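Going by the working numbering, the sequence shown runs without a break in its numbering and finishes at 826.
Don't be surprised by glycine CBs; every beta carbon is placed ideally from N, CA and C.
Here the structure is a predicted model, which means the values were calculated and not measured.
Read the structure below first, then the notes.
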Amino acid sequence: MSAKKDGKRNKPKTARRKRRGYRAQKTSIFLMLWAVFAALSLFIVILFGVSQTSITTSTYKREASRQLREQGPQIQTDVLYALEEDKTSTPGMELRRLSVVYDVNIVILSPDGAVILPQEWEEEDKDGVSYREKTEILLERLEEQNTDSIVYESEREYVYGSKVFLFGEENYLYVTKSFALTQAVSGQLVGRTLIMCIFMFVLSFAISGAVSSWFTNPIVEMKKKANALAHGDFTVDFHGNDYGLELVELADALNFARDELSKADAMQKELIANVSHDFKTPLTMIKAYAAMIMEISGDIPEKRNKHAQVIVDEADRLTTLVSDLLELSKMRSGLEALQETVFDMSAYLRAVLVRFEYLTETKGYVFHTEIEKGLYTRGDETKLGQVLYNLIGNAVNYTGENKRVFIDLKKISDKVFRFSVTDTGAGIKEEDLSTIWDRYYRSSETHKRPVQGTGLGLSIVKTVLEKHRFVFGVNSEVGAGSTFYVDFPLATEETMEEDTNTLDKS
Numbered sequence: 321m322s323a324k325k326d327g328k329r330n331k332p333k334t335a336r337r338k339r340r341g342y343r344a345q346k347t348s349i350f351l352m353l354w355a356v357f358a359a360l361s362l363f364i365v366i367l368f369g370v371s372q373t374s375i376t377t378s379t380y381k382r383e384a385s386r387q388l389r390e391q392g393p394q395i396q397t398d399v400l401y402a403l404e405e406d407k408t409s410t411p412g413m414e415l416r417r418l419s420v421v422y423d424v425n426i427v428i429l430s431p432d433g434a435v436i437l438p439q440e441w442e443e444e445d446k447d448g449v450s451y452r453e454k455t456e457i458l459l460e461r462l463e464e465q466n467t468d469s470i471v472y473e474s475e476r477e478y479v480y481g482s483k484v485f486l487f488g489e490e491n492y493l494y495v496t497k498s499f500a501l502t503q504a505v506s507g508q509l510v511g512r513t514l515i516m517c518i519f520m521f522v523l524s525f526a527i528s529g530a531v532s533s534w535f536t537n538p539i540v541e542m543k544k545k546a547n548a549l550a551h552g553d554f555t556v557d558f559h560g561n562d563y564g565l566e567l568v569e570l571a572d573a574l575n576f577a578r579d580e581l582s583k584a585d586a587m588q589k590e591l592i593a594n595v596s597h598d599f600k601t602p603l604t605m606i607k608a609y610a611a612m613i614m615e616i617s618g619d620i621p622e623k624r625n626k627h628a629q630v631i632v633d634e635a636d637r638l639t640t641l642v643s644d645l646l647e648l649s650k651m652r653s654g655l656e657a658l659q660e661t662v663f664d665m666s667a668y669l670r671a672v673l674v675r676f677e678y679l680t681e682t683k684g685y686v687f688h689t690e691i692e693k694g695l696y697t698r699g700d701e702t703k704l705g706q707v708l709y710n711l712i713g714n715a716v717n718y719t720g721e722n723k724r725v726f727i728d729l730k731k732i733s734d735k736v737f738r739f740s741v742t743d744t745g746a747g748i749k750e751e752d753l754s755t756i757w758d759r760y761y762r763s764s765e766t767h768k769r770p771v772q773g774t775g776l777g778l779s780i781v782k783t784v785l786e787k788h789r790f791v792f793g794v795n796s797e798v799g800a801g802s803t804f805y806v807d808f809p810l811a812t813e814e815t816m817e818e819d820t821n822t823l824d825k826s
């Protein structure tokens with residue numbers, strides 16, 4: 321036994337530890353918003369830097385290619401003219417002058433890759449690739465295209481290559497436009513992007529922290545109020561620093577939940593008070609009359625039997641109260657499923673009314689009934705019988721001095737028929753109409769009730785009808801009485817045949 325008790329005590333602790341662990345695994349909204357803002361800022365900066373670098377490089381290459389294609393033939397013409405016609409200038413100087421004019425590098429190469437002009441030019445370019453290798457590539461490209469001139473992209477430059485006849489033999493004009501400038505610009509952009517990333521990280525840290533705090537303050541405030549509500553403070557108002565429609569709607573929903581919890585708490589306290597009183601009264605009577613039997617009437621059969629009957633009656637009251645509480649609890653918790661069948665409500669209502677005939681014979685009550693024959697419906701016959709009995713019993717208890725109760729069962733459309741029961745009592749105030757179904761409701765009238773009840777009758781009625789999804793309600797006028805009604809779906813012949821077939825198979 322001790323092990324079981326220890327296990328039970330440990331369960332709440334384990335649950336609390338799990339909840340603390342679950343919370344520990346979660347990140348606060350403040351940190352998430354800060355991380356999102358910071359990451360977004362960095363992403364934008366990096367995306368901007370990368371895109372600018374890519375755009376700059378591609379634009380420069382595209383422009384270099386276009387210039388070489390357009391200027392290549394003109395450069396070739398100018399080179400040939402300068403080298404053939406100008407006999408006073410040094411050829412190398414002419415090539416350097418044209419290189420400056422066109423912003424390119426101009427080299428004359430022999431078929432084996434040797435640099436002819438400028439003569440002081442290195443046999444290996446600045447990029448570490450020899451002109452012999454470059455000449456081989458140029459020859460391959462010219463042969464592939466079967467042309468005398470071509471423009472193509474090399475590793476670090478755009479190339480315009482062409483066959484030229486100089487100095488009495490076939491040589492090659494090799495014109496290049498370097499990517500060095502765009503690479504330098506790209507390097508600067510990368511550096512600036514890095515600096516901007518650092519700056520934006522610091523800036524986003526500050527801004528996102530402020531914005532996150534601005535967003536989360538109302539939620540933190542609501543959390544504090546929710547904790548107060550959890551400790552029983554039903555005066556909290558969840559409206560405060562509402563920064564948007566969503567927070568306003570959330571506050572409205574929480575205020576609604578607060579009001580409902582307040583009502584439920586009041587109903588629970590009222591239920592406990594009333595049930596405690598109803599338990600206490602018969603228990604007190606049972607104890608008192610048992611003592612009377614022991615001390616006074618034990619030897620007098622007539623008095624003893626009378627006192628014993630009081631004990632039996634009070635014990636029956638306790639049994640009824642406990643049964644109603646258990647019935648209501650089982651139905652609301654969903655532990656008891658409906659046993660639905662198709663049955664004759666007209667005949668069933670007449671059978672229920674038989675249980676009230678003793679009131680006509682002994683108390684002078686008059687039941688005015690209009691019951692249309694052959695009205696079938698589908699539902700749990702036993703529980704719907706409780707509905708009929710409780711509603712009729714409620715009307716009997718609260719009808720007027722004329723002791724009249726009106727009971728109708730009629731079709732109101734081709735698919736629905738209505739059960740209604742009307743009393744001639746004091747009626748129900750309009751503000752109480754919405755609550756009589758949900759609470760331990762009893763009228764303040766002090767007259768003796770012919771039908772003993774526990775105060776849970778209307779709650780049971782509501783629970784049963786809601787489970788059936790039937791329409792029900794009450795119309796009342798203070799001083800003129802009340803009418804409770806239930807709309808039942810009319811079972812068709814097809815429904816009855818399906819129900820019969822189901823029973824046959826079972």
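Inspect the beta-carbon positions of residue i and residue j and report whether they are closer than 8 Å.
i: N811; j: T689; result: Before going on, a small fix: residue 811 reads as Ala here, not Asn. No.
i: L687; j: F676; result: Just to set this straight, residue 687 is Phe in the shown sequence, not Leu. Cβ distance < 8 Å, so F687 and F676 count as in contact.
i: V424; j: V522; result: no
i: S666; j: I691; result: yes
i: R461; j: I470; result: yes
i: L861; j: G481; result: Within the shown structure, residues of the chain are numbered from 321 to 826, placing residue 861 beyond reach of any answer.
i: Y709; j: G745; result: no
i: A402; j: E414; result: yes
i: V421; j: V427; result: no
i: K497; j: Q396; result: no
i: I613; j: H627; result: yes
i: L658; j: K703; result: yes
i: L429; j: P411; result: no
Using CA atoms only, rank isn't needed, just tell me which of the options is closest to residue i.
i: L418; options: P809, T680, Q391, I691; result: Q391
i: F739; options: S532, F726, L367, A746; result: F726
i: S474; options: F499, L753, T742; result: F499
i: L695; options: E615, V791, Y668, I780; result: Y668
i: L581; options: V556, E566, C517; result: V556
i: D636; options: L603, V672, N547; result: L603
i: G801; options: K723, K730, I518; result: K723
i: L729; options: E721, T742, G720; result: T742
i: L549; options: A577, I539, P538, S524; result: A577
i: E750; options: S796, G705, L486; result: S796
i: F363; options: S733, G507, M516; result: M516
i: Q372; options: G488, D398, G507, F487; result: G507
i: V643; options: L776, G511, E681; result: Reading the sequence as shown, one finds Ser at residue 643 and not Val. Closest by alpha carbon: L776.
CB-CB under 8 Å to residue i, same chain, minus the five flanking residues each way: which ones, in chain order?
i: L353; result: S528, V531, S532, F535, T536
i: I756; result: I748, L778, V794
i: F525; result: W354, A358
i: S754; result: none
Excluding sequence positions up to five away, which residues of its chain have a Cβ less than 6 Å from the Cβ of residue i?
i: K735; result: L810
i: Y472; result: R461, V479
i: N575; result: F558
i: G699; result: E660, H788
i: G433; result: Y451, R452, T455
i: E541; result: G560
i: F792; result: L785, V806
i: Y685; result: L679, K723
i: K693; result: S666
Going straight from the alpha carbon of residue i to that of residue j, what length do you get?
i: D807; j: N714; result: 18 Å
i: N466; j: G369; result: 42 Å
i: L785; j: K623; result: 46 Å
i: S361; j: A571; result: 32 Å
i: V356; j: K545; result: 28 Å
i: Y805; j: L638; result: 29 Å
i: Y492; j: P431; result: 7 Å
i: F737; j: L565; result: 45 Å
i: R416; j: T376; result: 28 Å
i: A358; j: F519; result: 11 Å
i: I620; j: L673; result: 39 Å
i: E830; j: S378; result: Absent from the model: residue 830. The displayed extent of the chain is 321 to 826, so no value can be given.
Within a Cβ cutoff of 7 Å, which residues of the same chain sit near residue i, ignoring the five residues on either side of it in sequence?
i: L400; result: V484
i: Q706; result: I780, V784
The ligand MG and residue i: does the residue's C-beta get closer than 7 Å to at least one heavy atom of that ligand?
i: V420; result: You won't find the ligand MG in this model; it holds no ligand whatsoever.
**Q.** Runs of alpha helix (DSSP H) lying entirely within the segment 397 to 425, each at least 4 residues, in chain order
**A.** 411 to 422
Q) Fully enclosed by the segment 682 to 722, which beta strand (DSSP E) runs are 3 residues long or longer? A) Annotation note: the segment 682 to 722 contains the following uninterrupted beta strand (DSSP E) runs of length 3 or greater, listed N- to C-terminal: 686 to 691, 696 to 700.
Q: For the segment 445 to 476, list the alpha helix (DSSP H) runs that are entirely contained and at least 4 residues long, ordered along the chain.
A: 451 to 465
(Q) Quick check for students: name the residue ranges of the alpha helix (DSSP H) that lie wholly in the segment 717 to 758, counting only runs of 4 or more. (A) none
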